[in-house]
Amino acid sequence: MYSYKFYLFFTYFIISNAEEELFKQDIGKDMSIGLPDGGYKSVRLKCGSNSMHVDLETENDFSGVIYTRGSFHDKESPCFLDPGYKRGQRSFSINFPLDRCKTLKKGDVFSNVLVVQNDKDLILPGDAAFNLECDFRQPRNVTVNADLQKGSTVVSKITVTNPDLVEEEHNREKRATAESNSDNVEINLIRKDEL
1 MYSYKFYLFF TYFIISNAEE ELFKQDIGKD MSIGLPDGGY KSVRLKCGSN
51 SMHVDLETEN DFSGVIYTRG SFHDKESPCF LDPGYKRGQR SFSINFPLDR
101 CKTLKKGDVF SNVLVVQNDK DLILPGDAAF NLECDFRQPR NVTVNADLQK
151 GSTVVSKITV TNPDLVEEEH NREKRATAES NSDNVEINLI RKDEL
């Protein structure tokens, strides 16, 4: 009886270690998420006086989650969006206050990272992230209208970034950026074969 229990334990131990090794090989230190080269069609940022509003269009039907970096585990709105799967669903919106959702404030510049994760649990290659920035620092080419109202004083910016925070800190590849001297900016995916 004792040797049978030992045999079962030993067999379980070997199988468990083998499965763990296979997992490490499948999703191990050699796996690199990298900058996204697809998965999204366009991202539009609108900087409001108290919030960031993002409209996102994906290339294909989407069944993952969208969230601000650091808000994944809380899974609470407005920082986290789980739209559920609906055939043909490719357009999504998320709106979050400037004083929530891990938004960073440096003077009058507010920034956050929006992660578009295709799997509900894991960041994998094919996922995307976008650094969003609303800069309220100074008037830029202030226009005075006849009714004495000044024009927009915000600069909005989107930069494609790495969805994997660990890789992001160690890898600063050249990134696509869109910037606008208004409260609206949009970045669109253009594939090499479309040029």
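Numbering-wise (the UniProt record's numbering), the sequence shown opens with residue 1 and increments by one.
Note that the Cβ used here is the ideal one computed from N, Cα and C, for glycine as well.
These figures come from a predicted structure and were not determined experimentally.
Problem set entry | Three-state class that DSSP yields for Glu21 in the structure shown | Per-residue confidence for Glu21 stands at a pLDDT of 47, beneath the threshold of 50, marking its modelled position as unreliable; the derived number appears in the next sentence. Helix at Glu21.
Exercise. From what residue to what residue does the beta strand (DSSP E) around Lys120 run?
Worked result: Element bounds for Lys120: n/a, residue is neither H nor E.
For this session: Taking Cys134 as part of the beta strand (DSSP E), name the residues at either end of that continuous run.
Result: From DSSP, the beta strand (DSSP E) with Cys134 extends over Ala128 to Asp135.
For this session: Mark Gln117 as exposed unless 16 or more other C-beta atoms lie within 10 angstroms of its C-beta, in which case mark it buried.
Result: Buried is the label assigned to Gln117, since at least 16 other Cβ atoms lie within 10 Å of its Cβ.
For this session: Whole angstroms is fine: what's the gap from residue 203's alpha carbon to Asp55's?
Result: Residue 203 lies beyond the residue range present for the chain, which begins at 1 and ends at 195; the question has no answer from this structure.
For this session: For Glu76, count neighbouring C-beta atoms within 10 Å of its own C-beta (all shown protein chains included) and say buried if the count is 16 or more, exposed if not.
Result: By the neighbour-count rule (16 or more Cβ atoms within 10 Å), Glu76 is not buried but exposed.
Exercise. Can you give, in chain order, each stretch of the beta strand (DSSP E) that sits fully within the stretch 49 to 85 and has at least 3 residues?
Worked result: Counting only runs of 3 or more, we get 51 to 58 and 65 to 68.
Exercise. What is the rounded straight-line gap between the Cα of Pro125 and the Cα of Ser63?
Worked result: Cα to Cα, the separation comes out at about 15 Å.
Exercise. What is the C-beta distance between Phe96 and Met52, in whole angstroms, given that I count them as a contact (C-beta under 8 Å)?
Worked result: The C-beta separation of Phe96 from Met52 comes to about 6 Å, placing the pair in contact by the 8 Å criterion.
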